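Engineer: So that we are looking at the same thing, I have put the structure below in structure tokens.
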Amino acid sequence: MDGRRQETTAFGAELRRWRTLRGLSLTTLAELVHYSKGYLSKIENGAKRPTPELARACDQALEAKGALVRLAPPKTGGGDECPYPGLDAFGPGSAHWFFGREEATAELTMRLAARMDGGGPLVVVAPSGAGKSSLLGAGLVPALARGALPRAGSSEWPVALFTPTARPMARLAEILGLEGRLVLVADQFEEAFTLCRDDAERDLFIRTLNELAVSGRALVVLGLRADYYGHVLAHPELVAALRGGQLALAPLTERQLRAAITEPAKAVGLSLEPGLADLLLRDGLPRDGGEPGTLPLLAHALRALWQQRENGVLTVAGYHRTGGIHGAVATTAEDLYTGLDDAAREVARRLLLRLVQLDPDGGQTRRRVPLGLISPAWRPVLDALVGARLLTADESEVAIAHEALLGAWPRLRDWIETDRAGLQTRRRLGEAAQEWRQAGDDASFTYRGASLAVAREWAAAHPDELGPLEAEFVRAGEHEERRAARKLRRLVAARTALVVVTAMTAGVVVWQVGDARAERDETLSRQVAAVAGSVRPGNAPLAAGLALAAWQRAETPESLGALIGSSGFPAGSRSRAGSGRVTVMAASADGATVVTGDSVGEVWLRRTADSAGATSDSAGATSDSAGEAWPSRTGDSAVRLAWDLGRITAAAFRQDGRVVAVGGEKGVRVWRVGNPTPIATHAASDVAFLGFDGEAVVAGSHEETLTWKNATPERAKRTDRLVGLTPDGPIGTDRQGTLFALSPDHATIAAADGNRLWLVERESGRAKELPTTGGFIYSLAFSPDGRQVAAGTSAPGVRLWSTADGTLLTDLPHPAEVRALAYGGRDLLAGVADGEVFRWAMPLPAPRAHSDEVLAVTSDERVMATGGGDGGVGLWTLDGAPLGTATEHDGQVNNLVLAGGLLASASDDDTVGVWDVTRPGGPRLLGRFTGHDTDVVGAALSQDGRIGASVCENGQVLLWDPATRKQLGRLPGVDGVTDVILREDLLAVGDAENNVQIWDVGHPDAPKRVRVLKGHTGYSDDLDWHPGGRYLASAGHDGAALVWDLSRTEDTPVARLTGHTGIVKNVSFDAASERLATIGTDGTLRVWDDQHRLHAVWQTVGAALRFLPGGRLVSGDHDGLLHRWTLAPEPVAARICALDPTPVSAREWSRHVSEGSYAPVCPERD
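Going by the working numbering, the sequence shown opens with residue 2, and the numbers climb by one from there.
Shown next, in the form of structure tokens:
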């Protein structure tokens, strides 16, 4: 045995002896030192060479007093020291591993040099997680020590790198005692606003820093989180600094990020497996304008990857085992948490929440807590969290390592949401206590009534978190409460005489209170409706729930519009799928049972209320045992099947839906639905595919296929990738790609690679690339009928394409990237990176009518028609089912009109198409009117089909015969006409003088002007005639819609409808009433009642609008989608609650709505 082998064996034996002596299992030790159990097992058996870092960690955890450190073999230069800081920032001591910010360091140093003779502080501004602290600590500070400033002796100047903390002046006073010209680097400057509660101390701190910098007595650099920019603007001294001394830190470029990944590894003798750097870049670079704050997550993933290194190599497999950039932090935190006993878990929860602070606007930041205020009984848990690099601690304070943890660990995120009210209470209590002390303990500053009751209740439940000042403040409030009670008793007798007078005025008081309550409810209703509108682009189900809550609070045009508006967007429900990021999902054929797997190894089986019985809502929890129930907000029942499989990679149901198989890093398990105890466990890891061949479980990796018909698998080597099973055997593909799916008829394979997607015919091998617009593809699924293929992307959202012709059908935005997809029955299920599962009801309510913008829509009693920027004309049933589409125009279709079984289409190809729409199978072109010599922008038909009218871009109006398409006449002396509309023999046109002219065209060869309607201050873009003939409406460039009553002799409008903040593009009357709808360039659609009052308003982008028979409304948008709106609120509300009985939870209400108490919006289900 050589010397190195002897060293390794000796260390392993000694490690086992100390571990046994301390009574620790290998699992417990792994959790304490944050190495894998398998890695430690190999160390103990002598199969792995221990590193000095591991020896130090084990020595500390086992209290071996240096015995293990002395036995550790010396460094070999093969990456035994980790060059990645994890969630913590790089500092002066790790500057030799800090790469990628060389240009930013040079610019920062140059900008600082320009301020050596005064000029105020230099402010470095960047979003959280962009690398600001590392730039200051590992970039600027070492550069100054190297003499980067152009001044003799500057390398000897004292440099103080500090954070403000809760007492910024006390911190600054310590520093100002240093000798020489100072360089003050105040990192995390936002702490002056988030932690310091003393306004006077904060102001003095800011003024002092500014005076030091302006006078030239010190160089001052401030590191500020970008979202606190507004706080700085409240201080004139800093406004001046920002005006002339601001450095905005840009995100790392691809080249810089590659250096940050690869160069630290090279510095310690590590190498990266080919493809790993590209994979890290793909996951680490901000996409589509997304958040730039992924650097701490990347650094933590790299640190976790370093712990998985194999013989000095960082591998792709190791990266996947960590959970990737977005899963590594959650994996680390969850592994540590699940390794604790129940009491320690509660300590971890309370400790972490104590280190979180909510801003007044609901944002969350880190909070520093003095070590002396941490209970000694909590220290073992604190040490474990520090050892895992989730917390940082020095001799005086403890804090969360980086704010990225607040969003990256789903369990902590849930804790924060659950205790949001308590966190707000703690913040407000601290601020109130500080104000009380600043006022000299003035009794008028103490809490009273409900505020005191809330504070007292919180203090009783959190005695370990109550600071001395807060405790004193609560006692002072209780003292004042007792004193006031005594005073009140003395006044009771005197006030008795006032009872009669009070009774006389009670009626007036009640009326005033009721009026104030109604006003308050209307204000809150409008606020919640606005929140629903802002949430809808990324979370339509939540937006629908908020809209329903707004409408229930008070029926305003905004709340009614928000509710109606939800009817035209996809409808769905949401449920929490576990503690980590959903990575895999499968559903039974009927959709009644769904299994999800996540990045931290949890497997959950969810059954719908119809199949499993409804349960009550719950925030959920996790434990060490399988079989734990997690009631769902949707009334479904959920049971956790596993928590220890590692990152889940594949899942599948047996054809009958009664058995499910799930694969992860640590094997494959099989369960019978309804029983949380596995019926089989198989030793296969990192499977990319799972399926059932009858009763047998089939697993596929990149190298082989394993089939379990009994305990021993049948192995078959593969040279291709297994993508599906058929009665004829397994199906594979050797096509390049990272992700595959097989169509239900086994004829087509969907293959994704990065952000590209192909449909590949199995027999011929022919491939068709589908149109994508960015976003990495994480998941694929075919619809049960094979007509659609869906992709979950980083956009974030789901995209659906037609498999027939490859056209993009629609986008389904989600709040985070979609990592897993499955069809269950007719529903589409999407597993989102934030841990939620969205269930979308199919088909979607907004079909794609055109590949380009929908520019025109019209209808009669039977059908509706659409025209688009793609030159197509589409025909639909009134329920939105497609009847057929024809593309006969060579330019976009600007306008459509239906009359007497004919359809006229005005196009940019200088023609008007005339179509027969009476036959099934879509529109049939009869011919074209070709009398114009430029783009045709409007068309009209008389109901009897006798006369057609059209207007082109130059304002020329021509009259023609729809049967022959021959010109019959023209309107004389009319300029700048923008639209035309016919009713019987009357033609209305908008002119260049901002008027609406009405002409008698009964004799097309000799038209006569009969009226000129005035009222617009800008020309009209669209006209609509009420079917009854009495009213005419116009949409104007002046932001108004006007209504004229043609039974009156006056030519002025009877109503001027205002509210749009841009051009009104389209108007439409409801044939069954006198309601009017308008849509404008401001992105709103408005419905006005028959008294011309605003009835409802909601957000939608488009220019085409039409009322349908039965009072429904349809509009087309810029993406080519056709939205149908249900104007009656009751059926919309019923549908929302049918899909999700809790569309808005109490936590979501607290997060999105700043006022008003939460109340369930849906009735309880029986």
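C-beta: ideal position from N, C-alpha, C; glycine also.
Small disclaimer: the values here were computed from a predicted structure and weren't measured.
Is there contact here, the stretch 1043–1054 with the stretch 1012–1028, by at least three beta-carbon pairs under 8 Å?
Structural biologist: yes
Engineer: By DSSP's criteria, Val1065 is part of a beta bridge. Which residues make up the other side?
Structural biologist: Gly1081
Engineer: By how many angstroms is the C-alpha of Ala572 removed from the C-alpha of Tyr320?
Structural biologist: 36 Å
Engineer: For Arg984, list the residues DSSP reports as bridge partners.
Structural biologist: Leu987
Engineer: What number of angstroms, rounded off, separates the C-alpha of Ser852 from the C-alpha of Val858?
Structural biologist: 15 Å
Engineer: Between the beta-carbon of Gly1063 and the beta-carbon of Ser1021, is there less than 7 Å?
Structural biologist: For Gly1063 and Ser1021, no; Cβs fall outside 7 Å.
Engineer: Around the C-beta of Thr682, are 16 or more other C-beta atoms found within 10 angstroms, so that it is buried, or is it exposed?
Structural biologist: exposed
Engineer: How is Glu347 classed by DSSP in three states: helix, strand or coil?
Structural biologist: The answer is helix: DSSP assigns Glu347 an H, G or I state.
Engineer: Taking the C-alpha atoms as reference points, what is the distance between Arg421 and Asp228?
Structural biologist: So the two alpha carbons sit approximately 20 Å from each other.
Engineer: If you run the structure through DSSP and keep just helix, strand and coil, what is Gln893?
Structural biologist: coil
Engineer: Which stretch, first to last residue, makes up the alpha helix (DSSP H) that contains Pro143?
Structural biologist: Val142 to Ala146
Engineer: Is the beta carbon of Arg71 within less than 6 Å of some heavy atom of the ligand GDP?
Structural biologist: Annotation note on the ligand GDP: not contained in the displayed structure, which lists no ligands.
Engineer: With a threshold of 7 Å between beta-carbons, can His232 be considered close to chain D, or not?
Structural biologist: The question asks about chain D, but that chain is absent: this structure has only one protein chain.
Engineer: Would you tell me roughly how many angstroms separate the C-alpha atoms of Ala842 and Arg476, rounded to the nearest one?
Structural biologist: 55 Å
Engineer: Can Leu926 and Gly914 be called in contact, C-beta distance under 7 Å?
Structural biologist: yes
Engineer: Using only the alpha-carbon positions, how far apart do Gly441 and Thr295 sit?
Structural biologist: 45 Å
Engineer: Going along the chain, which residues of its own chain have a beta-carbon closer than 6 Å to the beta-carbon of Glu466, five neighbours each way excluded?
Structural biologist: Arg355
Engineer: On the DSSP letters alone, give me the boundaries of the beta strand (DSSP E) that Met170 sits inside.
Structural biologist: Met170 -> not in any beta strand (DSSP E); alpha helix (DSSP H) instead, spanning Pro169 to Ile176.
Engineer: Closest to Ala219 by CA distance: which of Phe190, Gly1037, Leu243 and Leu183 is it?
Structural biologist: Leu183
Engineer: Grab the span of the alpha helix (DSSP H) containing Pro297 for me, first residue to last.
Structural biologist: Leu296 to Gln308
Engineer: Between which residues of its own chain and Ala1147 is the CB-CB distance below 8 Å, once the five residues before and five after are set aside?
Structural biologist: Tyr1159
Engineer: Take His236 and list the residues in its own chain whose beta-carbon comes closer than 8 Å to its own, dropping the five residues that flank it on each side.
Structural biologist: Closer than 8 Å at the Cβ level, and outside the excluded window around His236, lie Asp204 and Ile207.
Engineer: Kindly confirm or deny that the stretch 115–123 and the stretch 84–98 touch, where touching means at least three C-beta pairs closer than 8 Å.
Structural biologist: no
Engineer: Return the chain-ordered list of same chain residues with a C-beta closer than 7 Å to the C-beta of Phe190, the five sequence neighbours on each side being excluded.
Structural biologist: Pro165, Leu223, Gly224 and Leu225
Engineer: For Phe100 and Leu113, I'd like the C-alpha separation in whole angstroms.
Structural biologist: 21 Å
Engineer: Over the uninterrupted beta strand (DSSP E) stretch that includes Met586, give me the two end residues.
Structural biologist: Val583 to Ala588
Engineer: Using the three-state DSSP reduction, which class does Phe570 fall into: helix, strand or coil?
Structural biologist: coil
Engineer: Among the residues of its own chain, which have a CB less than 7 Å from the CB of Arg1112, if the five just before and after it don't count?
Structural biologist: The residue you asked about is not Arg; residue 1112 is Gly in the sequence shown. Asp1071, Ala1073 and Leu1128.
Engineer: When DSSP labels each residue in this structure, what does Leu705 get in the three-state scheme?
Structural biologist: Per the sequence shown, residue 705 should be read as Glu rather than Leu. The answer is strand: DSSP assigns Glu705 an E or B state.
Engineer: Using beta-carbon positions only, say whether Leu983 and Gly970 come within less than 7 Å of one another.
Structural biologist: no
Engineer: Starting from the Cα of His1038, find the closest Cα among Thr979, Ser1048, Asp1025 and His1027 and give me that residue.
Structural biologist: Thr979
Engineer: If you pair each beta-carbon of the stretch 536–550 with each one of the stretch 1076–1096, do three or more pairs fall below 8 Å?
Structural biologist: Under the three-pair Cβ rule at 8 Å, the stretch 536–550 does not count as touching the stretch 1076–1096.
Engineer: Whose C-alpha, out of Asp909, Thr794 and Leu1033, is nearest the C-alpha of Arg283?
Structural biologist: Nearest in C-alpha terms to Arg283, of all of Asp909, Thr794 and Leu1033, is Thr794.
Engineer: Please classify Met865 as buried or exposed, where buried requires at least 16 neighbouring CB atoms within 10 angstroms.
Structural biologist: buried
Engineer: Give me the residue from Tyr779, Asp786 and Trp802 with the minimum Cα distance to Ala796.
Structural biologist: Shortest Cα-Cα distance from Ala796 to any of Tyr779, Asp786 and Trp802 involves Tyr779.
Engineer: Less than 7 Å separating the beta-carbons of Ala643 and Val604?
Structural biologist: Yes. Within cutoff.
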